[in-house]
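Contents: one structure, followed by commentary.
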Amino acid sequence: MFGILYKLYNKNGAFHIFLISFIAFAILNIVENIIHYNIGKMSNSNSNNNRLEITNPSKEDWKKIIITMFIFALLQGALTLYLY
């Protein structure tokens with residue numbers, strides 16, 4: 004995969020496509036992951052409150068969210084660059 008990225012990186016004007024795709028996907032993915040985190044937290048609670056409350060994840064959960072987001076954003080950027 005990194006060999007393909009290296010070849011595509013040397014293509015004129017291709018790196019900005021990767022960078023824009025990576026950043027856009029990363030931002031949207033963080034928002035989506037926080038929503039899913041709170042939905043999972045709500046469904047695991049024993050309360051009868053059916054309202055979704057958006058809260059900040061713990062530091063440990065932030066690390067998991069960022070790592071997951073980074074991997075998927077990297078794959079999205081690579082796929083976009085490959086299809087470009």
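Each residue of the sequence shown is one higher than the one before, starting from 4 at the first, in the numbering used here.
Built from N, CA and C at the ideal position, the CB exists for glycine as well.
Taking one beta carbon from each stretch, the region 76 to 87 and the region 25 to 43 have 3 or more pairs nearer than 8 angstroms; the two touch. The residue from HIS19, PHE21, MET45 and LEU31 with its alpha-carbon nearest to that of THR58 is MET45.
One thing to note: ILE68 has its Cβ no nearer than 8 angstroms to the Cβ of TYR85.
Rounded to the nearest angstrom, the gap between the Cα atoms of THR83 and PHE18 is 10 angstroms. GLY6 and TRP65 have their C-alpha atoms some 30 angstroms from each other.
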